[in-house]
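Inspection log for the structure reproduced underneath, given as structure tokens.
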Amino acid sequence: MNNSWYIPLFPEQASTFAWQVDALYAYLVAISIFFTVLVVGVIAVFFVQYRERVKFAIPEQIEGSTMLEAIWSIIPFVISITIFVGGAIVYYDQYRLPTEGMEVYVVGKQWMWKIQHATGQREINELHIPVGQKIKLTMTTEDVLHDFSIPAFRTKADVVPGRYTYLWFEPTQVGKYHLFCQEYCGLNHSGMGGYVYVMEQKDFDNWLSGNTANQTPAEAGKDLFVNKLGCASCHGAEGKGGRGATLVGIFGKPQKMVSGQTIVADESYIRESILNPQANIVEGYQPIMPTFKGQVTEDQLVQLVAYIKSLGGTAAGSTPTSAGSSPTQTSPNTQGSKNFGNAGSNGASPNGSTPGRMN
Amino acid sequence: MQENLVINNTQNLPVYPKLNYLNNGHTVSSWLLTKDHKRIAILYLLSVSVFFMLGGIYAGLIRLELLTPKGDLVESGTYNKLFTHHGILMIFFFLIPSIPAVLGNFLIPIMIGAKDLAFPRINLLSWYLYIAGASFTLWALIQGGVDTGWTFYTPYSTTFSNTYVIATGLGIFINGFSSILTGLNFIVTIHTMRAPGMTWFRLPLFVWAHYATSLVMVLGTPVLAITLLLLVVERVGRVGIFDPALGGDPILFQHLFWFYSHPAVYIMVLPGMGVVSELIANFSRKRIFGYTFIAFSSIAIAVFGFLVWGHHMFASGQSPYAGLVFSFLSMVVAVPSAIKVFNWTATLYKGSISYDTPMLYGLFFIGLFLIGGLTGLFLGAMGLDVHLTDTYFVVAHFHYVMVGGAVLAYLGGLHYWWPKMFGRMYSEFWSKLSAMIIFIGFNLTFFPQFILGYMGMPRRYHAYPEEFQVFNIFSTAGASVLAVGLFLPLFYLTYSLIRGKAAGDNPWLLPGLEWRTTSPPPTENFIETPIVTWEAYEFGEESGLYDEETHHKSEVKPVSLFDQN
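Chains U and L, in that order, are what the protein sequence lines are.
Residue 334 in numbering that gives the first Met the number 0 is what sits at position 335 of the first sequence, and the numbering runs on without skipping anything.
Residue 285 in numbering that gives the first Met the number 0 is what sits at position 286 of the second sequence, and the numbering runs on without skipping anything.
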């Protein structure tokens with residue numbers, strides 16, 4: 000344990016978010032000190048000035064003052080609105096995913112983090128990343144709720160079973176930082192964590208080459224697709240379709256369903272279609288796909304999603320209509336890109352699908 | 000009426016009334032089958048004290064474990080049960096019933112000039128439901144306990160935990176009905192049982208605060224009951240409601256849970272605010288500043304309190320647009336709390352402030368609630384909450400609100416009305432000393448946790464990285480000071496019952512109706528229904544408090560049975 004990683008009252012500032020969160024914190028600390036000193040100071044003065052001098056004396060009675068009430072309602076209201084706006088701005092930066100960067104897949108389970116890089120390297124309870132690059136995590140869990148939290152980056156997101164959530168950050172400083180699970184997950188909750196190692200690019204490249212790269216998630220997904228699960232018999236060896244829907248170029252794009260709904264084919268939709276194929280069937284196809292529930296692990300699901308992503312889909316900026324047409328959509332999948340089909344720590348609706356608002 | 004109230008007390012020694020609610024019957028059944036709201040309040044006082052002590056023992060064990068970074072005192076499974084039991088006992092069986100069921104029960108009828116609550120039998124039923132729920136939960140804890148955290152988050156609670164989730168949940172479910180019935184009883188009583196002349200705007204603010212609290216109890220608690228029932232249905236019947244493996248949605252549970260549990264915070268703190276309004280006005284001997292603003296701010300808090308639950312879920316996977324709305328409304332709900340703090344402060348202005356023990360608690364409350372409230376703004380700001388949620392910052396924040404706020408108000412109220420409830424005075428020295436120790440111990444325990452939280456220390460951690468140890472040592476040291484402070488009242492208050500001086504009907508010469516009957520009051524509260532001709536916190540001539548000649552020395556004549564004899 001190296002104590003020098005922490006300065007006394009703050010964790011280190013090691014991501015692009017850190018200064019924003021710290022600035023907002025400083026603003027709130029200043030407001031808190033101001034009001035505490037004001038109220039406690041005034042009470043202290045009154046405490047001495049107006050102490051009881053004659054037992055049971057009746058002081059001058061004062062009813063109140065509407066003017067004062069207005070002042071001390073409006074001022075706190077205005078201040079709290081500035082806090083709201085500040086909080087929303089800082090949050091927005093964290094919630095809106097960047098359009099490019101390095102992808103990492105995370106699967107939580109009681110009580111470890113299983114992490115796989117897009118290049119195939121696997122890690123447990125450790126995450127090695129290069130400094131100065133945007134990193135995007137696609138996360139899910141095999142069992143209960145967890146939360147992927149890195150205090151030095153001032154960000155975290157719950158990891159929820161049955162759906163994907165996302166987290167991104169850009170580390171700004173080389174170092175070793177705590178990784179915690181911050182959503183209570185049972186017996187060994189406090190043991191579910193480790194370290195994030197932020198490295199110079201060349202050190203990171205060394206680290207990558209020093210580790211046996213397994214199949215990349217996309218390759219492993221293709222292996223499952225073609226050989227192990229037999230998806231290819233309906234969806235075609237290259238995913239071009241057949242009895243089953245084509246999977247080429249669909250990722251991140253709105254798809255028309257039999258029900259008439261339009262759903263964006265994001266990670267959660269693909270996951271749902273594997274586990275519960277009857278839930279939302281693409282227009283023009285029969286409900287003939289069997290469920291793979293119980294036959295695929297969360298790790299394999301992540302690999303299948305990675306494979307389907309690799310078959311192409313929405314390029315950045317190529318979906319202006321969908322992005323523009325759904326400003327109020329709760330699940331902002333449409334603002335994504337080739338890599339990042341979904342945005343925010345917000346997952347999708349409970350069943351993993353996201354009703355579009357196209358029609 | 001005026002002459003009736005003013006007498007010259009020739010013998011200045013307070014007397015203990017010969018006949019009162021306490022000695023009106025000595026059999027066990029005269030207590031266990033009583034319909035007297037005052038006796039039921041005493042039953043609650045005894046039972047919530049037991050649970051406060053049990054919850055406190057769990058807290059002590061938690062702090063001992065956290066003295067060192069390694070998990071070396073208890074196993075992690077045991078630790079998880081410690082914080083779960085601490086939370087469940089303190090929240091459901093101490094904080095929620097404490098002020099309403101003890102002080103509210105005792106005082107609301109007296110303060111409005113009624114003989115009892117509207118439904119005395121239902122009031123007794125409430126206590127039995129509380130005891131049934133508490134016994135059920137206690138039985139579950141003794142059998143092996145529960146390790147889900149008091150929040151019972153799914154799917155851990157429905158699928159993964161091997162502990163007594165169902166029994167504990169049912170205990171809380173039963174206890175909820177006690178809360179609902181108490182709330183209902185208060186609402187009906189305040190509407191229908193006020194004495195002649197006791198208009199809504201002559202009600203003490205303690206009564207207004209309880210009215211607002213009762214609204215939350217009646218409207219919020221059923222949602223908790225439904226949520227717990229659904230949890231049991233999923234756990235027993237494997238029906239997919241919350242567990243995604245069964246087709247459910249874990250976030251749905253969080254919405255339902257916080258829909259009750261955020262307003263529940265106001266069930267805990269609103270009555271405390273009511274107590275503090277009484278303390279500040281009465282011990283400054285002034286009409287409270289901005290009466291109507293304080294009264295309506297209670298109602299505003301109760302209403303807005305229902306609309307902010309999503310601020311517990313900014314990092315949970317909830318829609319960010321919903322998050323924006325919840326964050327905004329959370330900021331709005333800060334305003335009525337701020338109004339109260341400023342009005343209390345303004346009440347002191349040009350007052351005649353006496354520093355009896357209850358007033359010390361009142362002033363401590365303002366300071367601690369201020370910090371608790373301000374740190375709530377940190378957690379309502381979305382971008383900051385993402386960093387702070389599920390850290391010790393949250394733990395520190397809600398302890399400032401619930402212990403610094405609700406518990407200190409409860410103790411302040413207990414000391415304020417103790418002479419009325421039992422007719423005896425406690426030791427001024429020991430009670431002041433205990434209040435100071437509690438204040439210092441409390442701050443030493445919980446202030447360091449704000450810093451720990453910003454540094455990133457997660458809550459519910461059995462073991463933690465070494466760099467967090469320094470602040471944990473402060474916190475544990477503070478907890479032992481706090482424990483000493485909290486144990487003292489047990490001794491000097493009990494002692495006062497045996498050896499305490501008779502308090503007299505109105506030891507602080509105050510105008511409220513509760514001070515115009517004997518201490519302790521007779522079973523009927525008043526010999527004849529009082530007619531109210533004075534405003535709330537009326538210290539002037541109209542109050543009938545003062546002798547014309549000496550102007551500040553006379554006693555209030557009690558409106559009670561015994562002066563006739």
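Quick reminder that beta carbons are idealized off the backbone N, C-alpha and C, glycines included.
Values in this document were obtained by computation on a predicted structure and should not be read as measured data.
In chain L, which residues lie with their C-beta within 8 Å of the C-beta of residue i?
i, result
"serine 93(U)", "For the sequence presented, residue 93(U) should be read as glutamine rather than serine. What glutamine 93(U) touches in chain L: Gly382, Val385."
Using three-state DSSP, classify residue i as helix, strand or coil.
i, result
"aspartate 248(L)", "coil"
"valine 247(U)", "coil"
"methionine 420(L)", "helix"
"serine 178(L)", "helix"
"alanine 236(U)", "coil"
"threonine 320(U)", "Confidence at threonine 320(U) is low in this model, with a pLDDT of 33, below 50, so its placement is unreliable and no value can be given for it."
"isoleucine 61(U)", "coil"
"threonine 137(U)", "strand"
"lysine 285(L)", "coil"
"lysine 280(U)", "For clarity, residue 280(U) is isoleucine in the given sequence; the question names lysine instead. In this structure, isoleucine 280(U) counts as coil in the three-state DSSP scheme."
"glycine 261(U)", "Looking at the sequence shown, residue 261(U) is not glycine but threonine. Three-state DSSP puts threonine 261(U) in a strand."
"glutamine 317(L)", "coil"
"valine 217(L)", "helix"
"phenylalanine 436(L)", "For the record, residue 436(L) in the displayed sequence is isoleucine; it is not phenylalanine. In this structure, isoleucine 436(L) counts as helix in the three-state DSSP scheme."
"aspartate 157(U)", "strand"
"glutamine 142(L)", "helix"
Mind listing the chain U neighbours of residue i? Cutoff is C-beta to C-beta under 7 Å, in chain order.
i, result
"valine 340(L)", "Val38"
"phenylalanine 538(L)", "Ile57, Gln60"
"aspartate 389(L)", "Asp146, Gln181, Glu182"
"methionine 330(L)", "Ser79, Ile80, Ile82, Phe83"
"arginine 459(L)", "Tyr183, His188"
Which stretch, first to last residue, makes up the beta strand (DSSP E) that contains residue i?
i, result
"leucine 178(U)", "174 to 180"
"serine 148(U)", "145 to 149"
"tryptophan 514(L)", "Counting along the chain, tryptophan 514(L) falls outside any beta strand (DSSP E), and DSSP gives it neither H nor E."
"phenylalanine 168(U)", "164 to 168"
"histidine 127(U)", "125 to 129"
"valine 36(U)", "Careful: valine 36(U) lies outside any beta strand (DSSP E), inside the alpha helix (DSSP H) at 17 to 48."
Whose Cβ in chain L lies nearer than 7 Å to the Cβ of residue i?
i, result
"arginine 121(U)", "Ordered by position in chain L, no residue passes the 7 Å Cβ test against arginine 121(U), which lies about 25 Å from the chain."
"valine 41(U)", "Thr344"
Return the Cβ separation of residue i and residue j in integer angstroms, given the expectation that the two are a contact with Cβ distance under 8 Å.
i, j, result
"glutamate 62(U)", "tyrosine 163(U)", "Not really, about 59 Å apart at Cβ, beyond 8 Å."
"valine 101(L)", "valine 49(L)", "About 13 Å; that fails the 8 Å criterion."
"tyrosine 265(L)", "glycine 304(L)", "4 Å"
"lysine 500(L)", "methionine 424(L)", "5 Å"
"tyrosine 284(U)", "alanine 244(U)", "5 Å"
"leucine 310(U)", "phenylalanine 291(U)", "The pair is not a contact, with the Cβ atoms about 18 Å apart (cut-off 8 Å)."
"lysine 37(L)", "phenylalanine 105(L)", "5 Å"
Below 9 Å on C-beta distance, what does residue i contact in chain L?
i, result
"tyrosine 90(U)", "Phe313, Pro319, Gly322, Leu323, Ser326, Ala380, Met381, Gly382, Leu383, Asp384, Val385"
"glutamine 294(U)", "Residues of chain L passing the Cβ test: none, with the nearest at roughly 14 Å."
"histidine 49(U)", "The sequence given here has tyrosine at residue 49(U), not histidine. The contacting residues are Ser283, Leu347, Tyr348, Lys349, Gly350, Ser351, Ile352."
"threonine 35(U)", "Gly366, Leu369, Ile370, Leu373"
List, in order along the chain, the chain U residues whose C-beta lies closer than 9 Å to that of residue i?
i, result
"threonine 475(L)", "Simply none; closest approach about 17 Å."
"tyrosine 290(L)", "Glu62, Gly63"
The alpha helix (DSSP H) spanning residue i covers which residue range?
i, result
"valine 393(L)", "391 to 398"
"tyrosine 491(L)", "468 to 498"
"valine 304(U)", "297 to 309"
"proline 108(L)", "104 to 110"
I want to verify the contact list: residues of chain U whose CB lies under 8 Å from the CB of residue i, in sequence order.
i, result
"valine 334(L)", "Ser72, Pro75, Phe76, Ser79"
"proline 249(L)", "Leu144, Val159, Pro160, Gly161"
"glycine 143(L)", "Near glycine 143(L) there are no residues of chain U at all, since even the closest Cβ is about 14 Å away, more than 8 Å."
Item to check | Short-range partners of chain L found in the region 167 to 183 of chain U, where Cβ spacing is below 7 Å | outcome: His177, Phe179, Gln181, Glu182, Tyr183
Item to check | Near-chain L residues of the region 69 to 81 of chain U (beta-carbon distance less than 7 Å), N- to C-terminal order | outcome: Trp71, Ser72, Pro75, Phe76, Ser79, Ile80
Checklist entry - Taking any Cβ of chain L, which residues in the region 241 to 270 of chain U have a Cβ under 9 Å from it, in chain order? => result none
Checklist entry - According to a CB-to-CB cut-off of less than 8 Å, which residues of the region 186 to 219 of chain U neighbour chain L? => result Leu186, Asn187, His188, Ser189, Gly190
Next on the checklist: Using a Cβ-Cβ cutoff of 8 Å, what residues of the region 152 to 164 of chain U are near chain L? List them in chain order.
Outcome noted: Arg153, Thr154, Lys155, Ala156, Asp157, Val159, Pro160, Gly161, Arg162, Thr164
Checklist entry - Between the region 357 to 379 of chain L and chain U, which residues of the former have CB atoms less than 8 Å from a CB of the latter, in chain order? => result Within the region 357 to 379 of chain L, the residues whose Cβ lies closer than 8 Å to some Cβ of chain U are Leu362, Ile365, Gly366, Leu369, Ile370, Leu373, Thr374, Leu376, Phe377, Gly379, listed in chain order.
Checklist entry - Of the residues that make up the region 75 to 87 of chain L, which ones have a beta carbon closer than 8 Å to any beta carbon in chain U? => result Ser75, Gly76, Asn79
Next on the checklist: Output needed in chain order: residues of the region 504 to 519 of chain L with a Cβ under 9 Å from some Cβ in chain U.
Outcome noted: Correct list: Trp507, Leu508.
Checklist entry - Which residues, taken in chain order from the region 18 to 31 of chain U, show a beta carbon closer than 8 Å to some beta carbon of chain L? => result Those residues of the region 18 to 31 of chain U that come within reach of chain L (Cβ to Cβ, closer than 8 Å) are Gln19, Val20, Leu23, Tyr24, Leu27, Ile30, Ser31.
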